[in-house]
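A.B. asks: Next up is a structure, given as structure tokens.
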Amino acid sequence: MLTLESFEEASEIVKKVTQETKLIKSSYFSELTGNKVYFKPENMQRTGAYKVRGAYYKISTLSQEEREKGLITASAGNHAQGVAYAASKFGAKAVIVMPTTTPLIKVERTKNYGAEVILKGDVYDEACEYALKLAEEQGYTFIHPFDDPAVATGQGTIAMEIIQELPLVDYILVPVGGGGLATGVSTLAKLLNPHIKVIGVEPAGAACLRASLRKGEIVTLPEVNTIADGTAVQTPGEKIFPYLQENLDSIITVEDDELIVAFLDMVENHKMIVENSGLLTVAALRHLDFENKKVVSILSGGNMDVITMSSVVQHGLIQRDRIFTVSVLIPDKPGELVRVATIIAQEQGNVIKLDHNQFVSTNRNAAVELKITMEAFGTEHKNKIVRALEEAGCRPKVIRASL
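Following the working numbering, the numbering of the sequence shown begins with 17 at its first residue and continues without gaps.
This is the structure in structure tokens:
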């Protein structure tokens, strides 16, 4: 069903609701990996993610009667917004079932497109089960977020744009949740040029496709645990699985900590906000074992709420030793606090929090404890500050930072 003709048709149809997301050359990641790295910034789409492509194309293939019944789907957020926006363009009612863990920004934006939102279940699979139940009871037309060839065809229009802009692309990195985007991109890429390699990237805490490909059949994970909420899927799509088996070249899995680092990379080097699922392909760039290739990393979405953003930034700074806490023991006498502060200032450390504990020892003259949280330029600078404190006899001990 995923034919070159259907992809060509979808590419024209989705232009009605998408905006151009031209490739962005990344000097930073090109130098880091030894490849020519480009980003496909689908986080800049009107709905903040690529999902509007598959939703709009799927709805365009429905009959008027099917649309008039009302549309329903389940989604962790981006497909929800895609369906809600696309449904509004067709004048159709949309009901969206979202997991209770969905970021608030995605819930509110989905409502803003005129959809009715129902929060149900802790993960996508539980929300989907409830949406299917409502579809049967109320007669709604169900729009699956990934296990639908028409939806996958719409998502695959990304590959058409990539290859038109960069005909000699060697590798395309694509995020994987249920597999709809990976199906569309890998299938069309192989139809246009069998030599293009397409690599799927999954969160390590929700690697359902890797498990399924290894076993040769659909595998349902007992649980998923990842900050990449948009790809927190327990079971890949059954209908699209054969396409993934045939066209996806390999899978890379990424730990949550790597996504935190990738977020900082994108903010500091490209001034772009990319949500955790969209960062999968950015983190995967550090896993590449080849050089001198043209690589496109698909940034699937940018819908991240400010609270999550703040948490990721804080953890990222701590993880990169840009913020750290050190405990020092000093005599309880005038001038000691100034002495320690002077040492830190001389090494260009910037104190942001200080905790003075006089009761760490029964002998206050022997020692009181200072817990100092400070900013540094990175690991080398942190180590330099700690060495200076050691040489001054402060007995520093690096402890877990908290802000």
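We put the beta carbon where it would ideally sit given N, CA and C, even for glycine.
#1: Helix, strand or coil for Gly196, going by three-state DSSP, please let me know.
#2: In the DSSP assignment, the beta strand (DSSP E) including Ile52 goes from what residue to what residue?
#3: Would Gly137 and Ala143 be called neighbours here (beta carbons separated by less than 7 Å)?
#4: Alpha carbon to alpha carbon, what distance is there between Ser326 and Val342?
#5: Determine the contact status of Asp305 and Gly394, defining contact as a CB-CB distance below 7 Å.
#6: Go to Ile360, then tell me how far its alpha helix (DSSP H) extends in each direction, as first and last residue.
#7: Taking C-beta to C-beta, are Ala110 and Tyr73 nearer than 7 Å?
#8: Answer with buried or exposed for Pro210, where buried requires no fewer than 16 other C-beta atoms within 10 angstroms of its C-beta.
#9: By the three-class DSSP mapping on this structure, what secondary structure does Asp371 have?
#10: List in chain order: all unbroken alpha helix (DSSP H) runs of 4+ residues lying wholly within the segment 62-106.
#11: Contact check, Pro191 vs Ser293 under 8 Å by CB: the rounded distance?
#12: Do Glu291 and Asn319 have their beta-carbon atoms positioned less than 7 Å apart in this structure?
#13: Would you tell me roughly how many angstroms separate the C-alpha atoms of Leu345 and Arg403, rounded to the nearest one?
#14: Going by the DSSP bridge assignment, what does Ala110 pair with across the sheet?
#15: Would you check if the segment 257-265 and the segment 274-284 touch, i.e. whether three or more CB-CB distances between them fall below 8 Å?
#16: Between Phe55, Val185, Ala108, which lies nearest to Gly317 when the distance is taken from Cα to Cα?
#17: Would you call the segment 153-165 and the segment 183-198 in contact, with 3 or more CB pairs under 8 Å?
#18: For Gly216, does the three-state DSSP call read helix, strand or coil?
#19: Keeping to the same chain, check which residues put their C-beta closer than 7 Å to that of Leu225; ignore five residues upstream and five downstream.
#20: In the DSSP assignment, the beta strand (DSSP E) including Pro191 goes from what residue to what residue?
#21: Mind listing, in chain order, the continuous beta strand (DSSP E) runs of no fewer than 3 residues lying wholly within the segment 113-183?
#22: According to DSSP, which residues form a beta bridge with Ile401?
#23: Strictly by DSSP, which residues pair up with Phe340?
#24: Let me make sure I understand the geometry here. Which of Ala90, Leu20, Asn128 has the alpha-carbon closest to that of Pro115?
#25: On the three-state DSSP scale, how would you describe Ile323?
#26: Please list the terminal residues of the continuous alpha helix (DSSP H) segment that includes Thr297.
#27: Compute the Euclidean distance between the alpha carbons of Ala147 and Asn399, then round it to the nearest angstrom.
#28: Within its chain, find whatever has a CB closer than 7 Å to the CB of Leu184; leave out the 5 residues flanking it on each side and keep chain order.
#29: Rounded to a whole number of angstroms, what is the C-alpha to C-alpha distance between Asp245 and Val30?
#30: What does DSSP give as the partner residue(s) for Thr385 in the beta ladder?
#31: Measure the beta-carbon distance from Ser42 to Val53 and round it to whole angstroms, keeping in mind my assumption that it falls under 8 Å.
#32: Which residue wins for smallest C-alpha separation from Lys65, given the options Asn94, Glu363, Ile40, Lys85?
#33: Just tell me which of Gly86, Ile112, Leu20, Gln61 has its CA closest to the CA of Met288.
#34: Could you pull the start and end residues of the beta strand (DSSP E) that Ile268 belongs to?
#35: As a quick exercise: from Val329, Ile112, Thr358, Arg230, pick the residue whose alpha carbon is nearest that of Gly86.
#36: Looking only at its own chain, which residues have a Cβ that is under 6 Å from the Cβ of His303, when we skip the five neighbours before and after it?
C.D. replies: Taking the structure as given:
#1: If DSSP states are grouped into helix, strand and coil, Gly196 belongs with the helices.
#2: Note on identity: in this sequence residue 52 is Lys, with Ile being the wrong assignment. Run containing Lys52: 52-57, per the beta strand (DSSP E) assignment.
#3: Yes, the pair counts as a contact, with Cβ atoms nearer than the cut-off.
#4: 23 Å
#5: Judged by beta-carbon spacing, Gly394 lies beyond the 7 Å limit of Asp305, meaning their Cβ atoms are not closer than that value.
#6: 352-362
#7: no
#8: Exposed, because fewer than 16 other Cβ atoms sit within 10 Å of the Cβ of Pro210.
#9: Looking at Asp371 - three-state DSSP - the assignment turns out to be strand.
#10: 68-76, 80-84, 94-106
#11: 5 Å
#12: yes
#13: Answer to the nearest angstrom: the Cα atoms are 15 Å apart.
#14: Leu87
#15: Using a C-beta cut-off of 8 Å, the segment 274-284 makes no contact with the segment 257-265, since fewer than three inter-stretch Cβ pairs fall below that distance.
#16: Phe55
#17: Flag = yes, the segment 153-165 and the segment 183-198 touch.
#18: strand
#19: Val192, Gly195, Gly216, Glu218, Pro252, Leu260, Ile267
#20: 187-191
#21: With a minimum length of 3 residues, the continuous beta strand (DSSP E) runs that stay inside the segment 113-183 are 132-135.
#22: Note: Ile401 sits in no beta bridge, so no partner.
#23: Met390
#24: Ala90
#25: helix
#26: 296-300
#27: 53 Å
#28: Lys310
#29: The C-alpha of Asp245 lies about 25 Å from the C-alpha of Val30.
#30: Reading the sequence as shown, one finds Glu at residue 385 and not Thr. In the DSSP assignment, Glu385 forms a beta bridge with Leu345, Asn373.
#31: Rounded, the Cβ-Cβ distance is 5 Å, consistent with contact.
#32: In the sequence under discussion, the amino acid at residue 65 is Ala, which differs from the Lys named in the question. The residue with the shortest Cα to Cα distance from Ala65 is Asn94.
#33: Gln61
#34: Start and end: 266-270.
#35: Ile112
#36: Ile268
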